DNA sequence: CTGAAATTGAAAATCATTTTCAATTATACT
DNA sequence: AGTATAATTGAAAATGATTTTCAATTTCAG
Ligand SMILES: [Mn+2]
Ligand SMILES: [Mn+2]
Ligand SMILES: [Zn+2]
Ligand SMILES: [Zn+2]
């Protein structure tokens, strides 16, 4: 985590942004937290321990965190912007449960390769991609079957 | 298109919804239009020829069109809900140009197969998925290279 | 220290989406 | 056709996440 903090400070200086207590608190809260949180999630978390930080500051700091490559936006189709840790994390895709909302991070090198090929076939220069599979997780699949039986 | 209209009417009756001129006008505009339009897009299009239809009606009718299986929502990551024709259209994924905003519909059966396998490997029951590859289309790739040369 | 420039937080603005409600319309039934 | 009733309509307001404004405060280079 120290590495991320130093990287963040370096990036701030690089862009003539100031290293403030608020920004550091917000970054630390983000790094410590479970992943995939919205601005509002993080704001509430911080509020519990420190009510001195405003929503706008959390919002703005999250934008900086994204720009510095420490976070990336994930989109679960509910129109809410959520962030996950990016630094030191490899690319992955998601399995998202339609019932309980839990998600699983997955990676398949064969799919990744075919995605590259597919793009090239269309003379398209791929930069990034997003693959989300929606369905029912093991637990929810079971409970759905049980419901149907009743 | 007549087939879609009949299907729509049948669905309306099935759900005790009324067949109104507004609903039919909106459906026709949707079916005739280029794909991937937002509620606002469609509202503006309709307004050009018929200023008697309110935004709320377009909005509500689009919801019905989705429910009847004539449209599906596509998500290009800009938080705007857009619809594309669904009836008689096969599943496909998208290549989306980061520069000009154009998109290309693609389908790769090998990827689809691997997606199924990946889900199963995680005991996950897949229902639908979304795969979007963002990058630069052929034209934009060229113009970017030219810019860099200058 | 000091001053210029950046930051902060409360509040307001924005913007797509969704709901409300009184007036209007579609439809089933005389 | 006329009537009852239940659904629909459109303007306007509400919503909710996101983004901006601005006066007061803080950072930090010199
Ligand atoms: Mn991937
Ligand atoms: Mn696919
Ligand atoms: Zn589940
Ligand atoms: Zn392009």
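Chains as they are written, first to last, in the numbering used here: chain B, 20 to 169; chain C, 20 to 169.
Glycine residues also receive a C-beta, built at the ideal position from the N, C-alpha and C atoms.
All of these numbers come straight from a predicted model, not from anything done at the bench.
- Listed in chain order, the positions of the segment 91 to 108 of chain B with a beta carbon within less than 7 angstroms of a beta carbon of chain C are 94, 96, 98.
- Annotation for residue 26/B: no beta strand (DSSP E) segment contains it, though the alpha helix (DSSP H) segment containing it runs 21 to 33.
- For residue 90/B, the enclosing beta strand (DSSP E) has its first and last residue at 90 to 93.
- Following the DSSP letters along the chain, one finds residue 105/B in no alpha helix (DSSP H), marked with neither H nor E.
- Shown here, residue 57/C sits in a strand according to DSSP, grouped into three states.
- For residue 129/C, the distance from the CB to the nearest heavy atom of ligand 2 is not below 7 angstroms.
- Chain-ordered listing is empty here: chain B has no CB closer than 8 angstroms to the CB of residue 57/C, the nearest sitting near 13 angstroms.
- The beta-bridge partner set that DSSP reports for residue 150/B consists of 150/C.
- In the structure shown, residue 77/C falls within a helical segment according to DSSP collapsed to helix, strand and coil.
- Between the beta-carbon of residue 102/B and that of residue 27/B there is about 14 angstroms, and that puts the pair past the 8 angstroms contact cut.
- DSSP places residue 159/B in the helix class (H, G or I) of the three-state scheme.
- With respect to residue 130/C, residue 133/B sits close: the two C-beta atoms are nearer than 8 angstroms.
- The criterion of a C-beta distance shorter than 8 angstroms is satisfied by residue 145/B and residue 154/C.
- Assignment of residue 49/B by DSSP, reduced to helix, strand and coil, places it in the helix class.
- With a threshold of 8 angstroms between beta carbons, residue 127/B makes contact with chain C.
- Every residue whose beta carbon comes nearer than 5 angstroms to a heavy atom of ligand 4 appears here in chain order: 116/C, 118/C, 119/C, 156/C, 159/C.
- Each residue's CA atom was taken as its position, placing residue 50/C and residue 98/C some 23 angstroms apart.
- Boundaries for residue 129/C: no beta strand (DSSP E) harbours it, while the alpha helix (DSSP H) harbouring it runs 128 to 140, taken from the DSSP string.
- Within the chosen limit of 7 angstroms, ligand 3 does not reach the beta carbon of residue 79/B with any heavy atom.
- Under the 8 angstroms criterion on CB atoms, residue 73/B is classed as non-interfacial with respect to chain C.
- The segment 79 to 96 of chain C and the segment 21 to 36 of chain C touch, with three or more beta-carbon pairs separated by less than 8 angstroms.
- A direct Cα-to-Cα measurement between residue 80/B and residue 65/B gives close to 13 angstroms.
- In this chain, the beta strand (DSSP E) harbouring residue 114/B covers 112 to 116.
- For the segment 147 to 159 of chain B, the set of positions with a beta-carbon nearer than 7 angstroms to some beta-carbon of chain C reads 147, 148, 149, 150, 151, 152, 153, 154, 155, 156, 157 in chain order.
- In terms of side-chain proximity, the C-beta atom of residue 148/B is found nearer than 7 angstroms to a non-hydrogen atom of ligand 1.
- Residue 152/B is a Cβ neighbour of residue 148/C, given a cutoff of 8 angstroms.
- The three-state reading of DSSP puts residue 101/C in strand, counting E and B together.
- Distances taken from the Cβ of residue 97/B to the heavy atoms of ligand 1 include none shorter than 7 angstroms.
- In this structure, ligand 3 has no non-hydrogen atom nearer than 7 angstroms to the beta-carbon of residue 139/C.
- Here the alpha carbon of residue 159/C sits roughly 9 angstroms from the alpha carbon of residue 117/C.
- Not a single C-beta of chain B is nearer than 8 angstroms to the C-beta of residue 85/C.
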